[in-house]
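Asker: Keeping their order, the protein sequence lines are chains A and B.
First residue of the first sequence? That's 147 in my numbering, and the numbers climb one at a time after it.
First residue of the second sequence? That's 147 in my numbering, and the numbers climb one at a time after it.
Beta carbons: idealized from backbone N, C-alpha and C, even for Gly.
These numbers come from a predicted model, not from an experiment.
There are 2 protein chains.
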Amino acid sequence: MPRVRNHPFAGPLTPPSSMAVTIRDVARASGFSVATVSRVLNGSGPVKPETVRKVRDAATRLRFTPNVAARSLSTSRTHTLGVLLPDLHGEFFSEVIRGIDQTAQSHGYHVLVSSSHNSPAEIAAALATMRGRVDGVAIMSPVSNAEALVADLPRSIPLVLLNCSADVAGVDTLDIDNHGGAYAMTRHLLTLGRRRIAFVRGPKGNADGEARLGGYRAALEDAGVVHDRTLELDGDFQELSGYHAAKHLLSMSPRPDALFAANDSMAIGAISALREAGVRVPEDVAVVGFDDIPIARYILPALSTVRVDIAKLGARAVKVLLHAVGHRNEHTRVRETFATELVVRASCGVEQAVGR
Amino acid sequence: MPRVRNHPFAGPLTPPSSMAVTIRDVARASGFSVATVSRVLNGSGPVKPETVRKVRDAATRLRFTPNVAARSLSTSRTHTLGVLLPDLHGEFFSEVIRGIDQTAQSHGYHVLVSSSHNSPAEIAAALATMRGRVDGVAIMSPVSNAEALVADLPRSIPLVLLNCSADVAGVDTLDIDNHGGAYAMTRHLLTLGRRRIAFVRGPKGNADGEARLGGYRAALEDAGVVHDRTLELDGDFQELSGYHAAKHLLSMSPRPDALFAANDSMAIGAISALREAGVRVPEDVAVVGFDDIPIARYILPALSTVRVDIAKLGARAVKVLLHAVGHRNEHTRVRETFATELVVRASCGVEQAVGR
DNA sequence: TTGTAGGCGTTATCAG
DNA sequence: CTGATAACGCCTACAA
Chain A
147 MPRVRNHPFA GPLTPPSSMA VTIRDVARAS GFSVATVSRV LNGSGPVKPE
197 TVRKVRDAAT RLRFTPNVAA RSLSTSRTHT LGVLLPDLHG EFFSEVIRGI
247 DQTAQSHGYH VLVSSSHNSP AEIAAALATM RGRVDGVAIM SPVSNAEALV
297 ADLPRSIPLV LLNCSADVAG VDTLDIDNHG GAYAMTRHLL TLGRRRIAFV
347 RGPKGNADGE ARLGGYRAAL EDAGVVHDRT LELDGDFQEL SGYHAAKHLL
397 SMSPRPDALF AANDSMAIGA ISALREAGVR VPEDVAVVGF DDIPIARYIL
447 PALSTVRVDI AKLGARAVKV LLHAVGHRNE HTRVRETFAT ELVVRASCGV
497 EQAVGR
Chain B
147 MPRVRNHPFA GPLTPPSSMA VTIRDVARAS GFSVATVSRV LNGSGPVKPE
197 TVRKVRDAAT RLRFTPNVAA RSLSTSRTHT LGVLLPDLHG EFFSEVIRGI
247 DQTAQSHGYH VLVSSSHNSP AEIAAALATM RGRVDGVAIM SPVSNAEALV
297 ADLPRSIPLV LLNCSADVAG VDTLDIDNHG GAYAMTRHLL TLGRRRIAFV
347 RGPKGNADGE ARLGGYRAAL EDAGVVHDRT LELDGDFQEL SGYHAAKHLL
397 SMSPRPDALF AANDSMAIGA ISALREAGVR VPEDVAVVGF DDIPIARYIL
447 PALSTVRVDI AKLGARAVKV LLHAVGHRNE HTRVRETFAT ELVVRASCGV
497 EQAVGR
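1) Please state the DSSP three-state secondary structure of V490 (chain B).
2) If distances are taken between C-alpha atoms only, which option among B:R185, B:P304 and B:V180 comes closest to N89 (chain B)?
3) Under three-state DSSP, which class holds L231 (chain B)?
4) Are the CB atoms of F436 (chain B) and M331 (chain B) nearer to each other than 9 Å?
5) Does the Cβ of P402 (chain A) have 16 or more other Cβ atoms within 10 Å, making it buried, or fewer, making it exposed?
6) Give me the residue from B:I441, B:D203 and B:N188 with the minimum Cα distance to G177 (chain B).
7) Could you spell out where the beta strand (DSSP E) holding R443 (chain A) opens and where it closes?
8) Check each candidate in B:C310, B:G282 and B:R174 and name the one with the smallest Cα separation from R223 (chain B).
9) Report the residues of the region 440–473 of chain B with a CB closer than 9 Å to any CB of chain A, ordered along the chain.
10) Give the DSSP-derived three-state secondary structure of S176 (chain A) in the structure shown.
11) Beta-carbon separation of D318 (chain A) and A485 (chain A) under 9 Å?
12) Cutting at 6 Å between CB atoms, please list the residues of its own chain near V454 (chain A), excluding the five before and the five after it.
13) Is it buried or exposed for A461 (chain B), if we count other Cβ within 10 angstroms and need 16 for buried?
14) Do you know how far the Cα of R426 (chain A) is from the Cα of C494 (chain A)?
15) Given D438 (chain B), which residues of its chain have a CB within under 6 Å of its CB, disregarding the five upstream and five downstream residues?
16) On the three-state DSSP scale, how would you describe M286 (chain B)?
17) Could one say the Cβ of S261 (chain A) lies closer than 9 Å to chain B's Cβ atoms, at least one of them?
18) Assess, as a yes-or-no matter, whether the region 442–450 of chain A is touched by the region 268–279 of chain A under the definition of 3 or more beta carbon pairs within less than 8 Å.
19) Please tell me whether V198 (chain A) has its Cβ less than 9 Å away from any Cβ of chain B.
20) What number of angstroms, rounded off, separates the C-alpha of L512 (chain B) from the C-alpha of A328 (chain A)?
21) Assuming the contact rule is C-beta atoms closer than 8 Å, S260 (chain A) and D247 (chain B) should be a hit. Round their C-beta distance to whole Å, please.
22) Could you pull the DSSP bridge partners for A432 (chain B) from this structure?
23) Could you tell me the boundaries of the beta strand (DSSP E) in which D321 (chain B) lies?
24) Go ahead and pull the three-state DSSP assignment for I169 (chain A).
25) Quick check: the Cα distance between S240 (chain B) and Y255 (chain A), rounded to an integer number of angstroms?
26) Would a check of beta-carbon distances place D247 (chain A) closer than 9 Å to chain B?
27) With which residues is F484 (chain B) paired in a DSSP beta bridge?
28) Kindly identify the DSSP beta-bridge partner or partners of A344 (chain B).
29) Going by DSSP, which residues form a beta bridge with L307 (chain B)?
30) Compile a chain-ordered list of the residues in the region 206–220 of chain B whose CB is closer than 7 Å to at least one CB of chain A.
31) Rounded to a whole number of angstroms, what is the C-alpha to C-alpha distance between G326 (chain B) and A413 (chain B)?
32) Have a look at the DSSP bridge pairing and note the partners of H373 (chain A).
33) Buried or exposed, going by whether 16 or more other CB atoms sit within 10 Å of the CB of D382 (chain B)?
34) Counting only beta-carbon separations shorter than 9 Å, does E476 (chain A) have a partner in chain B?
35) Just the C-alpha distance for P232 (chain A) and G245 (chain B), rounded to the nearest angstrom, thanks.
36) What residues of chain A sit near A175 (chain B), judged by a beta carbon separation below 7 Å?
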């Protein structure tokens, strides 16, 4: 014979704390059936006010807490959202989580995180282990060909892609306006009178980096500035690559009068290199970045950059996900782009330009 | 009549992707019973090798994924660990999570995070909503009287307190050696010849701040330096409070020759204030901090500080939790303190001292 | 070595 | 408005 339920207490007395209180205990204590108790506790179905009171009393007295496993087995809902992240830098990471957790919490949802997923295969695997644990998943992937990524992803639950710049049918997508941000920054430099603007690229295949490069090119073109491809320097988002790029820049002639790095870290590396060489920033060469990482405002000169509201992106992801979860069938594909904000500090040479 | 199971396919054919594959489908497809399938998939009980192969094949073919809700309802294990955090600064946050997630993942566990819990009441509430979702919880609380916190915490599952400096019976505790770190740093300053060392405190009631203050005092006392309580300045871990503290310091006479801030942010604020006043750091006043936040190495002069390996703390927390989960009854209380590391850069004046 | 079937705690259907 | 009970998917004690 199989396992037998073993309940040493059957009356309306307080159960031993070592054993979990179930809905049946509440039923017994209140004198109603489990069905009625369930209805009261979930606010489903019609119940007499008097009954509601009695059941609530019993539940409170016994300190009843529904077993979530049983509940989700029955409803096939977990009230949990998953978050898949690459192994990225701290600040970015915590901001997304913050935004996601905050919003999820306010909707009665929990957040299951899983990091260190860089390849489509790893993401697919992580997604598999999340099956049944979550009602929806937000995925953040650094790979630029997200189409392939999503192609063989199990799609049993709602998915939202964050900053993947993928255009896959049926999957919600939230992107950062890298192109627009880079465009605005480039335009800003042009406005300040800079003409030979170099650009330090992101890693090969990185979607963010490529979109930023695109914005930079577009701005130059729209301004009628003949663009010199030799001004596009290689980089990999690491500080050191910005340093090297700046060193290289110094050997060019005519020397560029501005350097736009695809992210802040590289911009900081570039500034170090320029200072070492005795080149003044921003007087001789303006330097700007992208991301607005915390350090940006502390370095000298304070870095002009492009800010992205990461927490807001996370919050929006949760809302999209919850909508998809709640309206499985009539959920229409979401595809949004988040605006960026130009942060003008000192390194772009805005003060010098005004003085001219 | 209640809900009826609706399975349109009964043979060994591939099921429609819209419907979840259950262990029964695998049983049917492989020609064995669900019990045998379960045994194979869990490696429990004796099974003929041939059978193992056949069952595995069927499971793979059907892309079977166990329903975790059903599994945990049956085993009362979720294979998930919870993490409760206060609303703290990004870097710290992400490091803990990183350490926890990495270790949990390598043990087949998932991580459920929940942030923004500052009061004991909020923590208790968050813990309640996690009941049944997790097998254990790591709690990080900023309140210094953690005893009270834990007192009325439901203890149905294993708990580990991170950096709470609480000494509560039955609860595992992992602490950072704030006292030792501050002691070492103070000693370091004394060794470099500094004698009037001021200290900027943390927020009132913050355990970290108080322990650091304690280490500072102990080092002075052990060195036989008469301690002047007016050298202990108020602070709240924010950069601005470090700025104000340094301004105040400038008005003292004789002026201190060193400033030890209870965290890096305040140290950075202090450096700004000193530079504004034309005071040289570290020649006139050495400035040091605690935490080793990323910015620390970038400011000028590079900040000497005390480093804490947060990720390691998180990793250890997971191990302790898993042990408690696996050995419910014979788990002996864990109480550990994590060593800190002195990071000597330029702001403590080590170079000047050598030259003397 | 394998199969049978009850139980895990909830929800929801249907009858009263 | 309330009660009885099948089903959710899996594990496991026991029988074979």
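Answerer: Let me lay it out:
1) Under the three-state reduction of DSSP, V490 (chain B) is assigned to coil, being neither helix nor strand.
2) Past the edges of chain B, shown from 147 to 502, lies residue 89 (chain B), and the structure says nothing about it.
3) coil
4) yes
5) buried
6) B:D203
7) Here R443 (chain A) belongs to no beta strand (DSSP E), and DSSP marks it neither H nor E.
8) R223 (chain B) has its Cα closest to that of B:G282, out of B:C310, B:G282 and B:R174.
9) P440, I441, Y444, I445 and L446
10) In the structure shown, S176 (chain A) sits in a helix (DSSP, three-state: H, G or I).
11) Not a contact, by the Cβ cut-off of 9 Å.
12) I322 and T486
13) buried
14) Whole-angstrom Cα-Cα distance: 12 Å.
15) T451, R453 and V489
16) In this structure, M286 (chain B) counts as strand in the three-state DSSP scheme.
17) yes
18) no
19) no
20) Shown here, chain B extends from 147 to 502; a query on residue 512 (chain B) therefore has no answer.
21) At roughly 7 Å, the Cβ-Cβ gap stays under 8 Å, so S260 (chain A) and D247 (chain B) are in contact.
22) B:A404
23) D318 to I322
24) helix
25) 21 Å
26) yes
27) Per DSSP, B:I322.
28) B:L405
29) DSSP lists B:I285 and B:T319 as partners of L307 (chain B).
30) T211, N213, V214, A215, A216, S218 and L219
31) Approximately 19 Å, taken between the alpha carbons.
32) Partner(s): none; H373 (chain A) has no beta bridge.
33) buried
34) Output row for E476 (chain A): interface = no.
35) 14 Å
36) Result: empty, since nearest Cβ-Cβ is about 19 Å, beyond 7 Å.
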